[in-house]
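Beneath this line is the structure, given in structure tokens, with notes to follow.
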Amino acid sequence: MSDRYAVFGNPVSHSKSPAIHAAFAAACNQDLAYEAILVPLHGFAGSVRAFVAGGGCGANVTLPFKQEACRLATRLTPRAGLAGAVNTLFFDGPAWLGDNTDGAGLLRDLTQNLGCPIVGMRVLLLGAGGAARGVLGPLLEAGPRRLVIANRTEASAHELAARMPGAGAVSACSYPQLAGQSFDLLINATSASLAGASLPLPDGLFARDSLAYDMMYGADETPFLRLAGSRGAARLADGLGMLVEQAAEAFQLWRGVRPATAPVLAMLRAGSRQTGSQ
Ligand code: ATR
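Taking the working numbering as reference, the numbering of the sequence shown is continuous, increasing by one, and the terminal residue is 1670.
As structure tokens, then:
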């Protein structure tokens, strides 16, 4: 029987993870099966236990279970501990290792795929929920000149900044307080795009050579990327590359092999153009 992996979420039917991991497995000659499991909102722990009892070797975790997965793991990688969220579980007998590959996935997409060095750059992180928390530590480690967290609820931005002790480059504010500043890299980690909503950002934020990055993705340009394009951002990128890169990190943890990501990203881009779906 093939080794079993799965992504747990609710909803989960839209997930591209089964297609991504099937492509990685084929390219790396790995015998594994990867499925999407729809979990009842109050049934996460039970679903994971049943999966492990049935021979499950590892899992990805998506919304809304990443924080619960953090509590369920018996051991956390430092980056998962810092994020307070787990998107990857590795089952080794009674030991359940919880990791968070989102930040590494974003960093790899930015630095390797998009050629954005981050070091020395002025970075704006929009949002202070789970998505922002998952990527903040790795972003700071990449050495930006400054990193500002801005959020609709200003207090949450300050709370998030305070989780990074000793990180002098980080500060927090509301959207109106961004007036008069400009940034080289602007990352949308809010869920506003999911609801089709635009963020109330002041003019002048996008420096002339800036890259606007939306951690969300879809068949159509997100409201944030539309806004960025109209305000003069030089480059726009959605989160599909991050999705593939975080999957590659998980695959490496489970299988000890690093898959090539470019062919899989190209396959997904071609697929979403053909079908017009996410
Ligand atoms: P998650 O943990 O999945 O990231 P969350 O904790 O609800 O979800 O965080 C969602 C983020 O998107 C928050 O930063 C939220 O801002 P608030 O903290 O003010 O709620 C932000 N967000 C969601 N919808 C938004 C909108 N329409 N405009 C601005 N920010 C929005």
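Quick reminder that beta carbons are idealized off the backbone N, C-alpha and C, glycines included.
Between the CA atoms of residue j and residue i - distance to the nearest angstrom
i: ALA1629; j: SER1602; result: 11 angstroms
i: PRO1432; j: ALA1451; result: 16 angstroms
i: MET1608; j: GLY1490; result: 23 angstroms
i: ALA1465; j: ALA1571; result: 42 angstroms
i: ALA1553; j: SER1394; result: 43 angstroms
i: THR1454; j: VAL1636; result: 14 angstroms
i: LEU1672; j: SER1439; result: The displayed coordinates of the chain run from 1393 to 1670. Any statement about residue 1672 would go beyond what the structure contains.
i: PRO1594; j: ASN1543; result: 13 angstroms
i: LEU1518; j: ALA1581; result: 5 angstroms
i: ALA1534; j: GLU1641; result: 17 angstroms
i: ARG1618; j: ALA1398; result: 34 angstroms
i: ALA1561; j: ALA1425; result: 43 angstroms
i: ARG1661; j: ALA1654; result: 11 angstroms
i: GLY1401; j: ALA1411; result: 16 angstroms
i: SER1674; j: TRP1646; result: Residue 1674 lies beyond the stretch modelled for the chain, which goes from 1393 to 1670, so this question has no answer here.
i: GLY1610; j: ARG1555; result: 31 angstroms
i: GLY1473; j: ALA1587; result: 29 angstroms
i: THR1614; j: PRO1486; result: 42 angstroms
i: GLY1522; j: PRO1456; result: 10 angstroms
i: SER1405; j: SER1664; result: 15 angstroms
i: ILE1579; j: ARG1471; result: 19 angstroms
i: LYS1408; j: ARG1463; result: 25 angstroms
i: ASN1505; j: ASP1606; result: 15 angstroms
i: LEU1498; j: LEU1577; result: 13 angstroms
i: MET1685; j: ALA1625; result: Coverage of the chain is limited to positions 1393 through 1670, which leaves residue 1685 absent and any answer about it impossible.
i: PRO1568; j: ALA1547; result: 14 angstroms
i: LEU1632; j: ARG1396; result: 24 angstroms
Per DSSP, cross-strand counterpart(s) of residue i
i: TRP1488; result: PHE1483
i: VAL1540; result: LEU1516 and SER1563
i: ALA1334; result: What the structure shows of the chain is the stretch from 1393 to 1670, and residue 1334 is not part of that stretch, so it cannot be assessed.
i: ALA1629; result: TYR1605
i: ASN1580; result: LEU1518 and ASP1606
i: LEU1468; result: GLY1490
i: PHE1598; result: PHE1575
Cβ neighbour criterion (16 or more within 10 Å) applied to residue i
i: VAL1511; result: exposed
i: PRO1530; result: buried
i: THR1545; result: exposed
i: ALA1589; result: exposed
i: MET1513; result: buried
i: GLY1446; result: exposed
i: ALA1658; result: exposed
i: ARG1500; result: buried
i: HIS1413; result: buried
i: PRO1536; result: buried
i: ASP1612; result: exposed
i: ALA1564; result: buried
i: ARG1467; result: exposed
i: ARG1441; result: exposed
Proximity of residue i and residue j at Cβ, strictly below 9 angstroms
i: VAL1649; j: GLN1422; result: yes
i: PHE1616; j: LEU1591; result: yes
i: ALA1520; j: ALA1549; result: yes
i: ALA1419; j: ALA1652; result: yes
i: LEU1528; j: LEU1516; result: no
i: ALA1599; j: GLY1621; result: no
i: PHE1443; j: ALA1461; result: no
i: CYS1679; j: PHE1416; result: Nothing in the structure corresponds to residue 1679, since the chain is present only between 1393 and 1670.
i: LEU1597; j: ARG1623; result: yes
i: THR1469; j: ASN1479; result: no
9 angstroms Cβ cutoff, residue i in contact with chain C
i: ASP1395; result: The structure shown contains no chain C; it is built from a single protein chain.
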